[in-house]
Amino acid sequence: MEEVLGKEQSSLFQAIDILTKVFLSFFIYSVAGYIYETVLEVLWYRTGFTNRGFMFGPYLPIYGTGAIIILAVFSKWRRKVSFLRIVGSFVGIFLMTTVVELIGSYIMEAITGEFIWDYSQYAFNFQGRIAPNPSMRFAIGGTFLLYVVHPPFERSADKHPKFFRILALMIAVVMMIDLIVSLMN
3 MEEVLGKEQS SLFQAIDILT KVFLSFFIYS VAGYIYETVL EVLWYRTGFT NRGFMFGPYL
63 PIYGTGAIII LAVFSKWRRK VSFLRIVGSF VGIFLMTTVV ELIGSYIMEA ITGEFIWDYS
123 QYAFNFQGRI APNPSMRFAI GGTFLLYVVH PPFERSADKH PKFFRILALM IAVVMMIDLI
183 VSLMN
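Note that our numbering has the sequence shown beginning at 3, numbered continuously upward.
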């Protein structure tokens, strides 16, 4: 009986650890997206700081969502790294992030009445929602995330699962409160 319970507990913790890594990846890359957008806005476009998201916290969930999709679809490609796999990842990420951004713009418009970005000044844009230039940047960032940034995070999460579980729970509570308050405003 103890052997069966031990296996069930072990699989439960494995599932919790997978969810923890997925959630923390979502959070980390949402924050990274916020930092990226802020740097672009303040240093590149020189328009000054504005909160780029619809939530109060320093995170943009569309970046976290895109990152999770990239990791889910392309993580297997990391096992045998080759030039062709990297190029294939880049092209796939380019297409996928473009679709995610397009769908995200429609979701944001349905929820808030508007979408937060406007690519109408870029060549070959579609309704100001998507354009090749930002998609190229997202593909570069997504490929870098896949092959360089994410592997050390996974190793760290595997070494310290209890710490990461607690951290994920704390962040989830804060983000849920933020989401509720943001939707009420």
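Note that the Cβ used here is the ideal one computed from N, Cα and C, for glycine as well. Values in this document were obtained by computation on a predicted structure and should not be read as measured data.
Please find out if some non-hydrogen atom of the ligand SAH comes closer than 7 Å to the beta-carbon of residue i.
{"i": "Lys78", "result": "In terms of ligand content, the structure shown is empty, and the ligand SAH therefore cannot be addressed."}
Rounded to whole angstroms, what's the CA-CA distance from residue i to residue j? Just pull it up for me.
{"i": "Asp180", "j": "Thr40", "result": "19 Å"}
{"i": "Phe158", "j": "Leu148", "result": "Before going on, a small fix: residue 158 reads as Ser here, not Phe. Rounded to the nearest angstrom, the two C-alpha atoms are 16 Å apart."}
{"i": "Thr99", "j": "Lys82", "result": "23 Å"}
{"i": "Ala59", "j": "Phe128", "result": "The amino acid occupying residue 59 in the given sequence is Gly; Ala does not appear at that position. Roughly 29 Å separates the two Cα atoms."}
{"i": "Val151", "j": "Arg87", "result": "17 Å"}
{"i": "Ser13", "j": "Thr49", "result": "50 Å"}
{"i": "Lys78", "j": "Ser27", "result": "17 Å"}
{"i": "Ile20", "j": "Met57", "result": "26 Å"}
{"i": "Glu43", "j": "Ile105", "result": "23 Å"}
{"i": "Phe126", "j": "Gly90", "result": "23 Å"}
List the endpoints of the continuous alpha helix (DSSP H) containing residue i.
{"i": "Leu185", "result": "Pro163 to Met186"}
{"i": "Asn135", "result": "Pro134 to Phe146"}
What whole-angstrom Cβ distance do residue i and residue j have, given they're in contact under 8 Å?
{"i": "Met138", "j": "Phe96", "result": "7 Å"}
{"i": "Arg131", "j": "Glu103", "result": "7 Å"}
{"i": "Ala69", "j": "Tyr31", "result": "4 Å"}
In the DSSP assignment, what residue or residues form a beta bridge with residue i?
{"i": "Phe128", "result": "Ile132"}
- prompt: Quick one: complete alpha helix (DSSP H) runs, 4+ long, within the stretch 52 to 98?
  reply: 63 to 76
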